[in-house]
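Enquirer: One structure coming up, written as C-alpha cells, with questions to follow.
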Amino acid sequence: MKAPSYLFIALLFFISCKKDPSKIDGEKNNKSSEKKITSFKLTNFKPESVGNINESEKKIVLRVIATSVNINSLTSVISISDKATISSENTKDGTNSSSHSLPYSTSYVVTAEDGSTATYNVVIDSYVQPGTPVYN
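Heads up: the sequence shown begins at 16 in our numbering, then just goes up one per residue.
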C-alpha cells in the first residue's frame, strides 16, 4: 500500500514541475530596447564640432565653418546606447563607438539588443564664419 502512495506522490511532483510560460516570455523581454545615438562629433575638424541631436526627429545636425577642408575626409566619433549596435553605408562594425569618414549627409541605423531599430539622419551644415571676407 505504501508503494502506490509514493508512486502517486512522485508522479504528482513530476507533473507539476513545468516551466512557467510567462517566465519564458519574461526572459525575452529582459533585453534592452535602448537604441539611441548619445553623442556625435567630428574629431579631426578644428574647432571640434559636436552634433545637435534631435531625438524626436532622429536627426543630427553638425555645424562646421566652411573652409578648404574636404568634408568627405572628416572623421566622426559616435557613442550609442549600451548593448546597441550601429551601422551605415560607411560602417558595418556594429561597435558602441564608431570612427569613420563622413559625407555631407548620411543615415545610421542603431539596433537595440531586442532587435528594434532607429534610423538617424546626419546632416553637415557648413557656414561662413562672421567677419570672413567673401571673394567673388
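Virtual Cβ for every residue (Gly too), placed ideally from N, Cα, C.
1. Between the C-alpha atoms of Lys73 and Ser96, what's the straight-line distance to the nearest angstrom?
2. Of all the options Ser64, Leu77, Val76, Thr132, which has the alpha carbon lying nearest to the alpha carbon of Thr100?
3. Taking the C-alpha atoms as reference points, what is the distance between Lys51 and Tyr21?
4. What would DSSP say about Ala99, mapped onto helix, strand or coil?
5. If contacts are defined as beta-carbon pairs under 8 Å, then Phe55 and Val137 qualify, I think. What distance do you get, rounded to the angstrom?
6. With DSSP run on the structure shown, which of helix, strand or coil describes Thr89?
7. Pull up the DSSP beta-bridge partners for Phe55, would you.
8. Please confirm whether Ile80 and Tyr142 have their CB atoms less than 8 Å apart.
9. Quick one: Cα of Ser154 to Cα of Ile30, how far?
Expert: In this structure, then:
1. In this model, Lys73 and Ser96 are separated by some 14 Å (Cα to Cα).
2. Nearest Cα to Thr100 within the set Ser64, Leu77, Val76, Thr132: Thr132.
3. Between Lys51 and Tyr21, the alpha-carbon positions lie close to 58 Å from each other.
4. In this structure, Ala99 counts as coil in the three-state DSSP scheme.
5. Yes, Phe55 and Val137 are in contact; Cβ-Cβ is about 7 Å, under 8 Å.
6. Residue identity differs from the one stated: residue 89 is Leu in this sequence, not Thr. Leu89 falls in the coil class under three-state DSSP.
7. Ile93.
8. Contact: yes.
9. Residue numbering for the chain in the displayed model covers 16 to 151; residue 154 lies beyond these limits and cannot be assessed.
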